Amino acid sequence: MRDTLPMKNTSATPLGLGAKRVPSGSLQAWLPRLVLAPSVAISLFFVYGFMLWTFVLSLTSSRMLPSYDFVGFGQYARLMANERWWVASTNLMIFGVLFVLICLVIGAFLAILLDQKIRQEGALRTIYLYPMALSFIVTGVVWKWLLNPQLGIQAMVQSWGFESFRFDWIVDPDMAIYTLVIAAVWQASGFVMALFLAGLRGIDDSIVKAAQLDGASLPRIYWRVVMPCLRPVVFSAVMILAHIAIKSFDLVVALTGGGPGYATDLPATFMYAHAFTRAQIGLGSASAMLMLGGVLAILIPYLYSELRSRKHG
Amino acid sequence: MLTFKKTTLALALAGATLATAAHANEVEVLHWWTSGGEARAANVLKELMEAEGYGWQDFAVAGGGGETAMTVLKSRAMSGNPPSAAQIKGPEIQEWGELGLLGDLNEVADAESWDELLPEVVADIMRYDDQYVAVPVNVHRVNWLWANPAVLEAAGVEMPTTLDEFFAAGEAIREAGYVPLAHGGQAWQDATVFESVVLGGQGSEFYQQALVELDPEALGGEQMVAALEDFKRTRELMDEGMSGRDWNIATAMVIEGTAGMQLMGDWAKGEFTAAGLTAGEDYLCAAAPGTEDAFTFNIDSLAMFRVASDNEREAQQVLARLVLEPTFQEAFNLAKGSIPARPDLDMSEFDSCAQQSLADFQRTAEEGGLVPSMAHGMAVRADVQGAIFDVVTNYFNDANMPAEEAAQRMVRAAQAAAF
Chain A
1 MRDTLPMKNT SATPLGLGAK RVPSGSLQAW LPRLVLAPSV AISLFFVYGF MLWTFVLSLT
61 SSRMLPSYDF VGFGQYARLM ANERWWVAST NLMIFGVLFV LICLVIGAFL AILLDQKIRQ
121 EGALRTIYLY PMALSFIVTG VVWKWLLNPQ LGIQAMVQSW GFESFRFDWI VDPDMAIYTL
181 VIAAVWQASG FVMALFLAGL RGIDDSIVKA AQLDGASLPR IYWRVVMPCL RPVVFSAVMI
241 LAHIAIKSFD LVVALTGGGP GYATDLPATF MYAHAFTRAQ IGLGSASAML MLGGVLAILI
301 PYLYSELRSR KHG
Chain B
1001 MLTFKKTTLA LALAGATLAT AAHANEVEVL HWWTSGGEAR AANVLKELME AEGYGWQDFA
1061 VAGGGGETAM TVLKSRAMSG NPPSAAQIKG PEIQEWGELG LLGDLNEVAD AESWDELLPE
1121 VVADIMRYDD QYVAVPVNVH RVNWLWANPA VLEAAGVEMP TTLDEFFAAG EAIREAGYVP
1181 LAHGGQAWQD ATVFESVVLG GQGSEFYQQA LVELDPEALG GEQMVAALED FKRTRELMDE
1241 GMSGRDWNIA TAMVIEGTAG MQLMGDWAKG EFTAAGLTAG EDYLCAAAPG TEDAFTFNID
1301 SLAMFRVASD NEREAQQVLA RLVLEPTFQE AFNLAKGSIP ARPDLDMSEF DSCAQQSLAD
1361 FQRTAEEGGL VPSMAHGMAV RADVQGAIFD VVTNYFNDAN MPAEEAAQRM VRAAQAAAF
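Going line by line, the protein sequences match chains A and B.
Residue numbering for the first sequence follows our numbering, beginning at 1 and increasing consecutively.
Residue numbering for the second sequence follows our numbering, beginning at 1001 and increasing consecutively.
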């Protein structure tokens, strides 16, 4: 459509119908907006409209079905008094921080090793990247079996004769949250490796050569020369990993089911349980709004820095 | 642009057809009887409806415990287009009733004299504001103890009838080299064991006060502390691989003889039957220890929504009548492992466990001891149930929480959940 219109326009001018140029020119200006309007309207309605609706619901006493009996910030107060919510939030902190940090460290380390111009690099890269192709549900189920003390790693090592070996984190309420970190790191660190590898390949060889001439050792070159060049990569990796962490739902459901007890509950599973199975839509909406707040706290600085750098660039 | 319009038109038309899907003389039934045996059982009802000249529109939504089905139902109800009948149970019937969405079944209830047919406790659940709004489909008993006789024999113990015997038997089974109690570490399974232990140790009167009426003195009192301590002791009888295990895997452990016993509702029987075992010979069933004179019930029911047309209303009444008629009750419950909701049926087709279940159902209905199951959403509203689940499962899995603290938390949970 965009192609055909300017053609009409040019053919109209020689016929002396220049007056038409103005309206068709404005049509030309409006057309992209018209074409985009449905999708903008749809996302306004279904994304922002429902966000607003969730916010409205979080101010009501809604239980099984939405109602509009407003109770102010009562649901937020209840949420703050809810012990399980605090367990879920603390878990998100532990899980988020450890997951992002360990993924970065392992990802960067693997990328550096692969960057040593080794043979079969393509095959190795694929092997490390493949876990990312699995869904979190598959990862969760596989690790659930591996971590099960009577089926998995513990049983295997014990059967080798190390009777006293214990690795039963998944049944220990204090340690179970770390099993989520293990599974998530296994899944995502290969992806971080790929990001870093792309970054490493973008670094000019001559910088490294210059450092070598100056007599810097290899670890020193990576730490003082290469890594500082990779800051944008670290930044994108943190953004991607952080939102994976906040949205984590399927991994918890498949790996621990939130258990033992509710020791591995995350805000997303908390929200689902309360809004959809426990008939507390008001409370569930309040927790959803707080999660949205958490995502925005990460997203806004990111967008801000992105937009600012684009203006300067 | 034209194609776009066409699509919208088609979509709108499709929407319109969907909206008027439940025609006159037809019932649309939302349920989650989707597993093999259950689906066949639901099909019996469909055939009965059709034999009477009414249409049956199946609206089966698969998904564990009906959570998905409930979400679908809520969205249908919100858009003002609920199905004619839906599988809703326990206090949820009251919640839907409060929303003014349910229609009454008084005509058919009067004609079939449900007041006499159904035990009072059951009838109460089916009524909202003294009107019948739902019809019971079946009765599950939750307080069952299942056991593998070979394992019991190897350990030299009998089927335990009190909690003390139960713990003693558990120790003996462990010494014989088996897992004493098969269990899956999921909140609802923890709660299932918990309520059986409360009932077994403290009796049905206390159970009623604490877990049904939510009396704070009972919930925070000494008896609850004692019950919680017993509950914690059952954990010592379980294996450490139980985390997140499904209930039927736990049942399989009893079937295979790696575990001795399991505390689970009578749906576990379906697993034993499917493995080709015979009740009383290859597997044993008994009331959970100490609960011989009690019966925790979990009743599936179909609630009827208020409908506009007289034809559809008529079809609803016929559906309600057929559900309680012996043909369907027998066929459905044989397939599902539960017992009929009406106590006057010939039970010769059923196995010994079901026969005992029905006898106990009638006895406890008359003598007292028939109580709704908290763990299966029959006793309290979903939010209170969830809050109690949180306390129960947290206490069960936390080695350091004293029973007194758990009891206090339970009092708070019962109060805080109600807004």
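Glycine included, every Cβ here is placed at the ideal spot set by N, Cα and C.
Computed from a predicted model, the values in this text were never measured in an experiment.
Practice prompt. For Gly1337 (chain B), collect the residues of the same chain with a Cβ closer than 6 Å to its Cβ; drop the 5 residues on either side in sequence, then sort them by chain order.
Written response: Asp1266, Trp1267, Lys1269 and Gly1270
Practice prompt. Go through its chain and collect everything with a Cβ distance to Asp1230 (chain B)'s Cβ below 7 Å, but skip five positions before and after it.
Written response: Leu1163, Val1197 and Gly1201
Practice prompt. Answer with yes or no whether the minimum CB distance from Leu303 (chain A) to chain B is below 8 Å.
Written response: no
Worksheet item: Is there at least one Cβ from chain E nearer than 8 Å to Asp168 (chain A)'s Cβ?
Response: The structure shown contains no chain E; its protein chains are A and B.
Item to complete: To the nearest angstrom, report how far apart Val1411 (chain B) and Leu1219 (chain B) are at their CA atoms.
Response: 6 Å
Practice prompt. Could you tell me which of B:Phe1295, B:Glu1222, B:Gln1087 and B:Asp1390 sits nearest to Ala1042 (chain B), measuring between CA atoms?
Written response: B:Gln1087
Item to complete: Report yes if the CB atom of Pro1343 (chain B) is closer than 8 Å to the CB atom of Glu1330 (chain B), and no otherwise.
Response: no
Worksheet entry | Where the alpha helix (DSSP H) containing Asp1164 (chain B) begins and where it ends | Leu1163 to Glu1175
Worksheet item: What are the residues that DSSP puts in a beta bridge with Ala1134 (chain B)?
Response: B:Ala1303
Worksheet item: What is the DSSP secondary structure of Met1078 (chain B), counted as helix, strand or coil?
Response: helix
Discussion item. Taking 8 Å as the cut-off, does the segment 1111 to 1121 of chain B touch the segment 1398 to 1413 of chain B (at least 3 CB pairs, one atom from each stretch)?
Written reply: no
Discussion item. With H, G and I counted as helix, E and B as strand and the rest as coil, what does DSSP make of Glu1405 (chain B)?
Written reply: helix
Discussion item. Quick check on DSSP: helix, strand or coil for Asn1041 (chain B)?
Written reply: The residue asked about is misnamed: residue 1041 (chain B) is Ala in this sequence, not Asn. If DSSP states are grouped into helix, strand and coil, Ala1041 (chain B) belongs with the helices.
Fill in: Identity of the residues DSSP links to Phe1059 (chain B) by a beta bridge
B:Leu1030
Worksheet entry | Boundaries of the alpha helix (DSSP H) in which Met80 (chain A) is found, first to last residue | Gly74 to Ala81
Worksheet item: Which residues in the same chain have their Cβ closer than 8 Å to the Cβ of Phe1297 (chain B), if we skip the five residues on either side of it in sequence?
Response: Val1121, Val1122, Val1139, His1140, Arg1141, Val1142, Phe1361, Leu1370, Val1371, Pro1372, Ser1373 and Met1378
Worksheet entry | Inter-residue Cα distance where the pair is Leu1181 (chain B) and Leu1228 (chain B) | 17 Å
Worksheet item: Interface residues of chain B around Arg84 (chain A) at Cβ under 7 Å?
Response: Asp1390
Discussion item. Check for me: the beta strand (DSSP E) holding Val47 (chain A) runs from which residue to which?
Written reply: Where Val47 (chain A) is concerned, there is no enclosing beta strand (DSSP E), given that its DSSP letter is neither H nor E.
Item to complete: Just mark Arg308 (chain A) as buried or exposed, buried being the case when its beta carbon has 16 or more other beta carbons within 10 Å.
Response: exposed
Worksheet item: Helix, strand or coil: which one does DSSP assign to Ala198 (chain A)?
Response: helix
Discussion item. Going by C-alpha to C-alpha distance, which of A:Pro131, A:Ala37 and A:Phe55 sits closest to Gln75 (chain A)?
Written reply: A:Phe55
Worksheet item: Any Cβ of chain A within less than 8 Å of the Cβ of Met1078 (chain B)?
Response: yes
Worksheet item: Residues of chain A with CB under 8 Å from Gly1386 (chain B), in chain order?
Response: Ala273, His274, Thr277, Arg278 and Gln280
Worksheet item: Counting only beta-carbon atoms, is Gln1208 (chain B) nearer than 8 Å to chain A?
Response: no
Fill in: 8 Å Cβ cutoff, Gln1087 (chain B) in contact with chain A
no
Item to complete: Could you check what DSSP says for Leu31 (chain A) in three-state terms: helix, strand or coil?
Response: helix
Worksheet entry | beta strand (DSSP E) segment containing Met1261 (chain B), residue limits | Ala1259 to Leu1263
Worksheet item: For Ala1387 (chain B), which of helix, strand or coil comes out of DSSP?
Response: helix
Practice prompt. Could you tell me whether any Cβ in chain A is nearer than 8 Å to the Cβ of Leu1099 (chain B)?
Written response: yes
Worksheet entry | Whole-angstrom distance between Val1391 (chain B) and Leu1237 (chain B), CA atom to CA atom | 21 Å
Item to complete: Could you check how far apart the C-beta atoms of Tyr1132 (chain B) and Asn1148 (chain B) are, in whole angstroms? I think they sit under 8 Å.
Response: Rounded, the Cβ-Cβ distance is 42 Å, inconsistent with contact.
Fill in: Residue-chain proximity (Ala1021 (chain B), chain A), Cβ-Cβ < 8 Å
With a pLDDT of 44 at Ala1021 (chain B), under the threshold of 50, the predicted position of this residue should be treated as unreliable, though the coordinate-derived value follows. For Ala1021 (chain B), the answer is no, since every Cβ of chain A falls outside 8 Å of its Cβ.
Discussion item. Tell me the residue span of the beta strand (DSSP E) that contains Gln1087 (chain B).
Written reply: Ala1085 to Gln1087
Worksheet item: Excluding five sequence neighbours on each side, which residues of the same chain lie with their C-beta closer than 7 Å to the C-beta of Ile1249 (chain B)?
Response: Gly1184
Worksheet item: Gly199 (chain A) to Ala111 (chain A), Cα distance in whole Å?
Response: 9 Å
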